[in-house]
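Chains A and B are the protein sequences, given in the same order.
Position 6 (the first sequence) corresponds to 56 in this note's numbering; numbering is contiguous.
Position 268 (the second sequence) corresponds to 1248 in this note's numbering; numbering is contiguous.
Note that the Cβ used here is the ideal one computed from N, Cα and C, for glycine as well.
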Amino acid sequence: MAVFLQNLVNALQWGSFYALIALGYSMVYSILMLFNFAHGDIFMVGSYIGVGVSMALIALSAWGNVVLPNWLILVLTILFSMFLTSFVGMIVERVGYRPLRNAPRASAAITGLMIGIILETGNLALLGARRVSFPSLIATATYDLGGVFVTNKKIMIVLVSLLLALALHQFVRRTKWGMAIRAMAFDFSVVPLMGVPLNRMIALTFALGSALAAAAGILFGVAYPVLDPYMGILFGWKAFVAAILGGRGSIMGATLAGFLLGFTEIFVAMIFPSTLRDLIAYSIILLILTVRPHGFFGEPYSARLRL
Amino acid sequence: MRTRSWVAVCVLAGGLAFFLSGTVQAQTIKIGINAELTGDIPKVGEGTKYAAQMWLDDVRAAGGLAVKGKKYPVELILEDNESKAESAVKAATKMITEDGVLVMVGPQASKQAVPAGGIANNYKTPMITPWSTNPDSTKNRPYVFRACFLDPFQGPVLANFITSEFKFKKAAVLYDVASDYPKGLAEFFKKAWEGLHGPGSVVAYESFTTKDTDFSSQLTKIKNSGAQVLFTPQYYNEVALIVQQAHQLGWKNPIVGSDSWGSAETVKLCGKDCYGLFFSTHYAAAGATGATKAFIDRYKAKYGYVPDDVAALTWDAMHLVQKAIQDTGGLTGDLKKDRENVRAAMGRIKKFKGITGEMTFSGGGDPSKCAVIVRISDKGQFEFYKSACP
């Protein structure tokens, strides 16, 4: 039982990252019918921005002789980095996708791949191949709950991820901008006729997705404090799987699918030899998709979208 | 008539000069140094050059190399292999065929040492690589030797060390299944451990794939397997993540690694979590004693920094060469015969006390030697803990 619960805790943390990154994929896909393949690399950039921001904050508080508590530095780091990374997302959209909006889909898809490579190698050129360690802002406290070990970081990661997913859900449901995004997902061509500034809304979608990816990047840095320029590739692919599995444009679906992916990976490694983890885990996911080709919350294209 | 006699005189004089130069050359012992002075790893070449130079200074101070009561002057032929395989082959060919070296020391990295070893073996010239750990460098090459241990060798060494140090009976292994070095080492460790404690004594044998960052599932398994120690032959970036996550899952037993841990980055990324852990490697500068310390102090005084394992192994390789030449029982002056004698003598070296450990050659080109167990101190330094033998 303790083993099961321990793995449940592990899976919750691992799934959080997939969920947060999958949300960004899902948002962009729902309105542009396009996968932003650079999204995994935006997650990486967000993580590196987080390192920079937190180091700047630490230096600033030392210089100004203000003693900022570490948790406050972390909160500020998350907020600032989300803000800064949203601009990275908007720039990617402006440079990579807007000029190609009416181009064939394949051209737009490879744009994402190319931007991803540019972000990776750009980072490599800028900072070198050395791995960067994420500053440890909060000390790890480990709690032993009857054989199940939980750390303060794990709790924080899961809570912040759920909170952000919920916030996005509320934003899309309750605000005017959110309504515009939903409307665009419903019918892309009619919306501009209603006076919705299309370009600005698309930029907003990219900004939201990138901000969430940045949050994921910083939480990742807190849990796994070794960063390298290629860390986003595999993560991006897997989160992409989660986005599809969740169903087109579904926030709830992407979140759930992200956690499901985490659970599948962790529990497969618990039961089977760990060498076969991804082999078995992704065979299961493939099976699920065969049964539900539109994902959990997706519906055939003509039907109403739930965003 | 007159011209003809002039020609004859010239030919004679030339022949004499040639003959004389030949005899003079036979009096000098030439040792080739095939080093990575430029290219990807210039630091390796620098360590090689400095260590060889220090050895030469000693020999010169003693008035030459004494072989059977006779002192021979020594000359080092230093060639740059540019950290490239083809340049290493060129340098080896040049020093063997043109310069007529008796022995070649280097190249260091396996990328250069494997092809250059082929050249040395073809020309029947003894070669010793101080640093190359790839089995292929010496495999099926009677003329090629090395001064370090092979990768797989650390498996049994660590199994013995853990058994004698902690008296543990159950071990766990966590390794990257997609990378040659960790995979090989994990297999050798498992074999050695089960040889000591019986089948099934490796209670968890878990793996992951390169680029993985979350090991919680594997570590949960390991923790619940009843293992007393975790062996993970990974590189520094993974070491940091594995050790931290293990501690966060409540693992309190020792974690042991191999020479891939031996980077300054390990402690930088891992922090306090890695303090007090052990790994095996070639040599440790901090906490060294005796001849090793003397070498480190001298090197540091002369070149301004603490020598790395390349310099230490080169130092040992130079002394192995010296011993092999002295053990031949006299040089004949016939380069071909002398090379053969040096090769035979080197293959017979027993219990050679090097600064990186005691070495014994028994037939092949790979010495059986002891590894150094390093403990990461409470200040994050790599400290010599003990010498461990297979």
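- Around the beta-carbon of Lys1201 (chain B), 16 or more other beta-carbon atoms lie within 10 Å, marking it buried.
- Rounded to the nearest angstrom, the Cβ distance from Ser1197 (chain B) to Asn60 (chain A) is 6 Å, consistent with a contact under 8 Å.
- Between Phe1259 (chain B) and Val1137 (chain B), the C-beta spacing is not below 7 Å.
- Residues of chain B whose Cβ lies closer than 7 Å to the Cβ of Trp227 (chain A) do not exist, since the nearest Cβ in that chain is about 35 Å away.
- Any Cβ of chain A closer than 7 Å to the Cβ of Lys1191 (chain B) would place that residue at the interface, and such an atom is present.
- When the beta-carbon positions are compared, Leu70 (chain A) and Ser260 (chain A) stay at least 7 Å from each other.
- The C-beta of Gly1230 (chain B) comes closer than 7 Å to at least one C-beta of chain A.
- Scanning its chain for C-beta atoms nearer than 6 Å, with the 5 sequence neighbours on each side dropped, one finds around Val1085 (chain B) the residues Ile1013, Ile1108 and Ala1297, in chain order.
- For Leu1221 (chain B), the nearest beta carbon of chain A is closer than 7 Å to its own beta carbon.
- The beta-carbon separation of Gly296 (chain A) and Ala304 (chain A), rounded to 4 Å, stays under the 8 Å limit for a contact.
- In the DSSP assignment, Ala1351 (chain B) falls within the beta strand (DSSP E) that extends over Ala1351 to Ile1356.
- From the beta-carbon of Ile92 (chain A), no residue of chain B is found nearer than 9 Å; the closest lies around 18 Å away.
- For Val1083 (chain B), the enclosing beta strand (DSSP E) begins and ends at Val1083 to Val1085.
- Under the 8 Å Cβ criterion, the segment 1037 to 1048 of chain B does not count as touching the segment 1066 to 1076 of chain B, having fewer than three qualifying pairs.
- Inter-residue distance for Gln1361 (chain B) and Val1047 (chain B) is about 42 Å (C-alpha atoms, whole angstroms).
- At a C-beta separation below 7 Å, Val210 (chain A) has no neighbours in chain B, since its nearest C-beta there lies roughly 17 Å away.
- The beta carbons of Val1081 (chain B) and Lys1010 (chain B) sit closer together than 7 Å.
- Against chain A, a Cβ distance below 8 Å from Thr1200 (chain B) picks out Val53, Gln56, Asn57, Asn60 and Met320.
- Among the CB atoms of chain A, one or more fall inside 7 Å of the CB of Ser1187 (chain B).
- Assigned with DSSP and collapsed to three states, Asp278 (chain A) falls in coil, not helix or strand.
- By the beta-carbon neighbour count (other beta carbons within 10 angstroms, threshold 16), Val1286 (chain B) is exposed.
- For the segment 1226 to 1254 of chain B, the beta-carbon criterion of a distance under 8 Å to any beta-carbon of chain A is satisfied by His1227, Gln1228, Leu1229, Gly1230, Glu1245, Lys1248, Leu1249 and Gly1251.
- Non-local C-beta neighbours of Ala1268 (chain B) in its own chain, meaning closer than 7 Å and more than five positions away in sequence, comprise Ile1276 and Phe1364, ordered along the chain.
- Any Cβ of chain A closer than 7 Å to the Cβ of Val1157 (chain B) would place that residue at the interface, and such an atom is present.
- With its beta carbon at least 7 Å from every one in chain A, Asn1061 (chain B) lies outside the interface.
- With fewer than three CB-CB distances shorter than 8 Å, the segment 1176 to 1187 of chain B does not count as touching the segment 298 to 316 of chain A.
- Contact annotation for Asp194 (chain A) against chain B: Gly1230 [CB-CB distance below 9 Å, chain order].
- Given a length threshold of 4 residues, each whole run of the alpha helix (DSSP H) inside the segment 1233 to 1308 of chain B is given here in chain order: 1244 to 1250, 1270 to 1283 and 1289 to 1307.
- Taking C-alpha positions only, Trp1241 (chain B) is separated from Leu1257 (chain B) by approximately 10 Å.
- At least one CB of chain B lies nearer than 7 Å to the CB of Thr201 (chain A).
- In the assembly as shown, Asn86 (chain A) is a buried residue. Its beta-carbon has 16 or more other beta-carbons within 10 Å.
- Residues of chain B with a Cβ closer than 9 Å to the Cβ of Trp64 (chain A) are, in chain order, Asp1194, Ser1196 and Ser1197.
- The C-alpha of Ile231 (chain A) is placed about 7 Å away from the C-alpha of Ile81 (chain A).
- Listed in chain order, the positions of the segment 256 to 284 of chain A with a beta carbon within less than 9 Å of a beta carbon of chain B are Phe270, Ala273, Tyr274, Pro275, Val276, Asp278, Tyr280, Met281, Ile283 and Leu284.
- Under the 10 Å beta carbon count, Lys1330 (chain B) is surrounded by fewer than 16 other beta carbons and is classified as exposed.
- Met1107 (chain B): not part of any alpha helix (DSSP H); member of the beta strand (DSSP E) spanning Met1107 to Thr1109, first to last residue.
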